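*Asks:* Can you read through this structure? Questions will come right after.
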Amino acid sequence: MGKHTLIGGGTGFIGSHLAKHLLERDYQVTKVSRLPGRKSITWHKLQKDGLPSGVTSVVNLAGENVLNPLHPWTEGFKQNVWNSRINSSAHMVKAIQKSHDVEVYINIIGVSHYKPNELKIYSEQDRVEGYDFLSNLCLEWEKAATLPEDTARNTRTIKLRTGLVIGREGGLIRAIWRPFMMGLGGRLGSGKQILPWIHLEDLCGLIQYCIENKKIEGPVNAVAPEIITNEEFSKTFASAFNRPCVFTMGETMIKFLYGDERSPLLLNGAKIHPDKASSSGFRFQYPTVKAACMEMVGKE
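Right under this line is the structure:
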């Protein structure tokens with residue numbers, strides 16, 4: 001198999017790290033972003049001209065950051081969150097249809113369509129459902145990323161259902177880094193809600209593993225094997241800094257800041273296990289939240 005990967009959203013938090021990860025392993029990488037640059041193309045050029053010659057794997061990470069605190073939950077921002085995922089996935093599908101070289105298409109999806117249930121641990125075999133804005137978004141996201149039957153015969157499709165990505169350089173961790181480092185961190189709401197998560201290094205490793213392992217296809221849960229609550233994560237992260245974890249951001253404040261439709265990302269969570277990754281032989285470098293937090297603060 002050739003080693004030329006196209007990354008949609010390749011200049012973002014996950015995309016830039018994935019590009020570095022693959023380049024270090026002798027992959028050729030082309031990024032798709034809003035602006036042209038070295039070894040990158042724009043979404044407009046992708047729609048107009050299709051995939052660059054020789055691309056054998058496509059990874060789509062594109063999507064507006066749902067939890068961006070700088071954007072209030074207006075109808076306009078909500079539509080942008082929706083369109084940035086659905087449209088980019090649809091554009092990738094059309095581009096892949098025109099190519100005859102793509103062997104695998106990986107689309108990053110969320111996990112909100114696993115409905116929280118205290119008594120159930122979900123695997124990829126379980127039913128997903130729409131019950132609110134975020135879960136319906138995940139369902140439509142997966143539909144938009146589905147290749148037509150004639151294309152799917154020659155191109156493996158993997159829908160990577162991804163939990164909170166833990167990494168120092170971006171995402172939620174970047175937002176809470178300073179408060180926790182100063183001893184001002186704490187749980188969100190009751191803290192009893194489940195927090196599906198995965199370390200950034202493991203996500204990049206799993207993407208590479210999915211590219212190279214021809215037996216993997218369909219939905220894949222990109223979450224660490226350790227199931228934790230928000231409170232357990234908060235205490236572990238604070239402990240990695242040798243700081244206390246005594247503060248709480250109440251549910252009312254979270255809903256005020258983020259709105260009723262996106263606050264479930266912080267206040268609700270399902271128990272999810274990475275059955276397909278684990279059973280196929282993938283080894284997590286950071287299977288526990290303690291190991292992940294210690295790595296982030298440089299105490300690995």
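For the sequence shown, the UniProt record's numbering begins at 1 and goes up steadily by one. From the three backbone atoms N, C-alpha and C, an ideal C-beta is built for every residue, glycine too. Fair warning: this is a prediction, and the values are worked out from it, not measured in the lab.
#1: Using only CA atoms, which one of Ile198, Leu266, Ala175 lies nearest to Leu70?
#2: Taking the alpha carbon of Gln125 as the point to measure from, which residue in Tyr286, Lys276, Glu295 has its own alpha carbon closest?
#3: Let me check one thing: in DSSP terms, what residues is Tyr122 bridge-paired to?
#4: Which residues bound the beta strand (DSSP E) around Thr146?
#5: Whole angstroms are fine: how far does the CA of Phe284 sit from the CA of Tyr105?
#6: First and last residue of the alpha helix (DSSP H) that includes His21?
#7: Are there 16 or more other CB atoms within 10 angstroms of the CB of Phe256, so buried, or fewer, so exposed?
#8: Please confirm whether Ile272 and Asn221 have their CB atoms less than 9 Å apart.
#9: Measuring alpha carbon to alpha carbon, tell me which of Val289, Val297, Asp49 ends up nearest Asn242.
#10: From Asn230 to Pro116, what does the alpha carbon distance come to, in whole angstroms?
#11: How long is the line joining the alpha carbons of Val223 and Gly250, rounded to whole angstroms?
#12: What separation, rounded to the nearest whole angstrom, lies between the Cα atoms of Ser40 and Leu206?
#13: Taking only three categories from DSSP, how would you classify Val93?
#14: Can you grab the Cα-Cα spacing for the pair Phe247 / Ile96, in whole Å?
#15: Return yes when the Cβ of Trp82 is within less than 9 Å of the Cβ of Leu139, no when it is not.
#16: Starting from the Cα of His4, find the closest Cα among Leu265, Ser53, Ala240, Trp141 and give me that residue.
#17: Cα separation between Leu195 and Tyr286?
#18: For Glu234 versus Phe282, is the C-beta distance shorter than 9 Å?
#19: Which parts of the region 21-50 are runs of the alpha helix (DSSP H), unbroken and 4 residues or longer, counting only runs that do not cross its ends?
#20: Quick check: the Cα distance between Glu64 and Glu118, rounded to an integer number of angstroms?
#21: Run the CB neighbour count on Pro274, radius 10 Å, all protein chains shown included, and call it buried at 16 or more, exposed below.
#22: Do you know offhand how far residue 301's Cα is from Asp26's?
#23: Go through the region 173-216 residue by residue and report every complete run of the beta strand (DSSP E) that reaches 3 residues or more, in order.
#24: Along the chain, where does the beta strand (DSSP E) containing Pro287 start, and where does it finish?
#25: Using a 10 Å radius around the Cβ and a threshold of 16 neighbouring Cβ atoms, would you call Gln193 buried or exposed?
#26: Do you know offhand how far Val128's Cα is from Glu142's?
#27: Consult DSSP for Thr248 and reduce its assignment to one of helix, strand or coil.
#28: Going by DSSP, what residue range makes up the alpha helix (DSSP H) through Ala62?
#29: How close, in whole Å, do the beta carbons of Ile158 and Gly110 come, if the pair is a contact with beta carbons under 8 Å?
*Replies:* Quick answer:
#1: The residue you call residue 70 lines up with position 70 of the sequence shown. Here the closest residue by C-alpha is Ala175.
#2: Translated into the one-based positions of the sequence shown, residue 125 becomes position 125. Nearest of Tyr286, Lys276, Glu295 to Gln125, Cα basis: Lys276.
#3: Taking the first residue of the sequence shown as position 1, residue 122 is located at position 122. Ile272.
#4: Counting from one through the sequence shown, the residue named residue 146 turns up at place 146. Here Thr146 belongs to no beta strand (DSSP E), and DSSP marks it neither H nor E.
#5: Residue 105 sits at position 105 when you count from the first residue of the sequence shown. Residue 284 sits at position 284 when you count from the first residue of the sequence shown. If you take the alpha carbons of Tyr105 and Phe284, they lie about 22 Å apart.
#6: The sequence position of residue 21 within the sequence shown is 21, counting from 1. Going by DSSP, His21 is part of the alpha helix (DSSP H) stretching over 13-23.
#7: Locating residue 256 in the sequence shown gives position 256, counting from the first residue. Phe256 is exposed by the Cβ-count criterion.
#8: As a working mapping, residue 272 is identified with position 272 in the sequence shown. As a working mapping, residue 221 is identified with position 221 in the sequence shown. Their beta carbons are under 9 Å apart, which means Ile272 touches Asn221 by this criterion.
#9: Start at 1 with the first residue of the sequence shown, and residue 242 comes out as number 242. Asn242 has its Cα closest to that of Val297, out of Val289, Val297, Asp49.
#10: Here residue 230 is taken as the residue at index 230 of the sequence shown, counted from 1. Here residue 116 is taken as the residue at index 116 of the sequence shown, counted from 1. Those two C-alpha atoms are separated by around 14 Å.
#11: Looking up residue 223 in the sequence shown gives position 223. Looking up residue 250 in the sequence shown gives position 250. Roughly 26 Å separates the two Cα atoms.
#12: Sequence index remark: in the sequence shown, residue 40 carries index 40 (1-based). Sequence index remark: in the sequence shown, residue 206 carries index 206 (1-based). Going from the Cα of Ser40 to the Cα of Leu206 covers about 23 Å.
#13: Translated into the one-based positions of the sequence shown, residue 93 becomes position 93. In the structure shown, Val93 sits in a helix (DSSP, three-state: H, G or I).
#14: Your numbering for residue 247 matches position 247 in the sequence shown. Your numbering for residue 96 matches position 96 in the sequence shown. Rounded to the nearest angstrom, the two C-alpha atoms are 48 Å apart.
#15: As a working note, residue 139 is residue 139 in the sequence shown. As a working note, residue 82 is residue 82 in the sequence shown. Contact flag unset, no.
#16: Walking along the sequence shown from the start, residue 4 turns up at place 4. If we check each option's Cα against that of His4, Ser53 comes out closest.
#17: The count along the sequence shown starts at 1 and reaches residue 195 at position 195. The count along the sequence shown starts at 1 and reaches residue 286 at position 286. Their Cα atoms are separated by approximately 15 Å.
#18: Here residue 234 is taken as the residue at index 234 of the sequence shown, counted from 1. Here residue 282 is taken as the residue at index 282 of the sequence shown, counted from 1. It is Ser, not Glu, that sits at residue 234 in the sequence shown. In this structure, Phe282 does not lie closer than 9 Å to Ser234 by Cβ.
#19: 43-49
#20: Walking along the sequence shown from the start, residue 64 turns up at place 64. Walking along the sequence shown from the start, residue 118 turns up at place 118. Their backbone Cα atoms lie some 30 Å apart in a straight line.
#21: Within the sequence shown, numbered from 1, the residue matching residue 274 stands at position 274. Pro274 should be labelled buried.
#22: Any question about residue 301 goes unanswered here, given that the chain covers just 1 to 300.
#23: 186-188, 197-199, all fully within the region 173-216.
#24: Here residue 287 refers to the residue found at position 287 of the sequence shown. Segment: none, Pro287 is in no beta strand (DSSP E) and carries neither H nor E.
#25: Translated into positions along the sequence shown, residue 193 becomes position 193. Classification of Gln193: buried, given that the 10 Å Cβ count is 16 or more.
#26: The count along the sequence shown starts at 1 and reaches residue 128 at position 128. The count along the sequence shown starts at 1 and reaches residue 142 at position 142. Val128 and Glu142: Cα-Cα distance of roughly 11 Å.
#27: Mapped onto the sequence shown, residue 248 falls at position 248. In the structure shown, Thr248 sits in a strand (DSSP, three-state: E or B).
#28: For the purposes of this step, residue 62 is taken as residue 62 along the sequence shown, with counting starting at 1. Where Ala62 is concerned, there is no enclosing alpha helix (DSSP H), given that its DSSP letter is neither H nor E.
#29: Numbered from its first residue, the sequence shown carries residue 158 at position 158. Numbered from its first residue, the sequence shown carries residue 110 at position 110. Actually they do not touch by this definition, with Cβ atoms about 15 Å apart.
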